[in-house]
Amino acid sequence: MNRRRLLKSGIALLSMLLIAPLRALAAVWNSQAFAAVQIEQALQELGVKQIATSDLITLTAPDFAENGAIVQIEVESHIPGTQAIAILAEKNPTSLIANFMLEPDTRPHIIIRIKLGESGLLKAVIKAGDQYFVTAKYVEVAIGGCN
Amino acid sequence: MGDLMKIRAIAKSEVTEVKVLMLHPMETGRRKNDAGEAIPAHFIQLVTATLNGRIVLQAQWGTGVSKNPYLTFYLSDAKVGDVVGVKWQDNQDQSNAIEGKVLAA
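So the sequences go chain by chain: A and B.
For reference, each letter of the first sequence is one residue, going 13 to 159 in the working numbering.
For reference, each letter of the second sequence is one residue, going 14 to 118 in the working numbering.
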């Protein structure tokens, strides 16, 4: 009588075991967010609903970038409970550049080199719990680097 | 294999600074070669960093990260001798990984 149920739960358990390691990697590339042209659309695909401007995020980038192919930027969040840092450029062909998900003992502090297509706003978006915060900086680009 | 990546983890007073260089073309798919043919997109999509095997950072990247990506991040609890690992996977299903021990400043 319990054979079927046992079989069912066995299959359920087995499929959980098979799926669990995949989910642990959490690594499904968000193709829709990265395909988005507009920042608003990319943020929507990242699950951002409301967003507030914050001066607790330090976004360091050059005022003037000679070569848009290599622009070094630094993002540091002082917002408690920061879990993720997303970097977006409004004038790039696709606006989302990178999204970093951090464990609690990883400092919310990233330095990376990015491409900028033309002069425009660079934005850093912070996720803390279910809240989102943003800061922006205008970067003037001499030679676009998004080819 | 190791030639495609470099890692350096240095324990500083309060944090461990990890610098990683990944040799990768990061092709956007928008560029054309001399014959006018499109060069296919080829870029790193996923980056995972571990401390003694435990995941500490996961990143998703698009084509807006520069060629030969150079990333710096900071760990609060890493000690000298701990092992920091970084692995990437690109849109053509190629991947690479490197490990390095945390060194004293």
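All C-beta atoms, glycine included, are put in the ideal place defined by N, C-alpha and C.
C-beta neighbour in chain A for residue i, strict 9 Å
i	result
V28/B	yes
V78/B	yes
L36/B	no
D16/B	no
L64/B	yes
R21/B	no
Proximity of residue i and residue j at Cβ, strictly below 9 Å
i	j	result
G156/A	L128/A	yes
M18/B	K80/B	no
V31/B	Y87/B	yes
D90/B	L64/B	yes
L133/A	V151/A	yes
Q73/B	N111/A	yes
A64/A	Y144/A	yes
I99/A	I82/A	no
K100/B	T61/B	yes
Three-state secondary structure (DSSP) of residue i
i	result
E112/B	strand
E52/A	helix
F56/B	coil
S89/A	strand
L17/B	helix
Q62/A	coil
A47/A	helix
E102/A	coil
E57/A	helix
N46/B	coil
G66/B	coil
E27/B	coil
E130/A	coil
T61/B	strand
K32/B	strand
D103/B	strand
P120/A	strand
A91/B	coil
V151/A	strand
W74/B	strand
CB contact below 9 Å: residue i versus chain B
i	result
L37/A	Residue placement at L37/A cannot be trusted, given a pLDDT of 45 that sits under 50; what the coordinates show is reported in the next sentence. Judged by the 9 Å Cβ criterion, L37/A is in contact with chain B.
F76/A	no
V83/A	yes
I99/A	yes
Interface residues of chain B facing residue i [CB-CB closer than 8 Å]
i	result
I126/A	G77, V78 and S79
T147/A	Correct list: empty, because the minimum Cβ distance to chain B is about 18 Å.
T94/A	Ordered by position in chain B, no residue passes the 8 Å Cβ test against T94/A, which lies about 12 Å from the chain.
A110/A	A72, Q73, W74, G75, G77 and V78
Within chain B, the residues that residue i reaches when beta carbons sit closer than 7 Å
i	result
L114/A	L70
Residues that residue i contacts on chain A, provided the C-beta gap is smaller than 8 Å
i	result
R1/B	With chain B covering 14 to 118 only, the question about residue 1/B has no answer from this structure.
Listed by chain order, chain B residues near residue i by CB distance under 9 Å
i	result
H121/A	V28, T85, F86 and Y87
Cross-chain neighbours of residue i in chain A, by beta carbon under 7 Å
i	result
D90/B	D117
Contact set between the region 47-60 of chain B and chain A, restricted to residues whose Cβ is under 9 Å from the partner: Q58, L59 and V60
Any residues in the region 102-114 of chain B with a beta carbon nearer than 9 Å to a beta carbon of chain A? Which ones, in chain order? Q102 and N104
Which residues, taken in chain order from the region 50-75 of chain A, show a beta carbon closer than 8 Å to some beta carbon of chain B? Per Cβ criterion, the list is empty.
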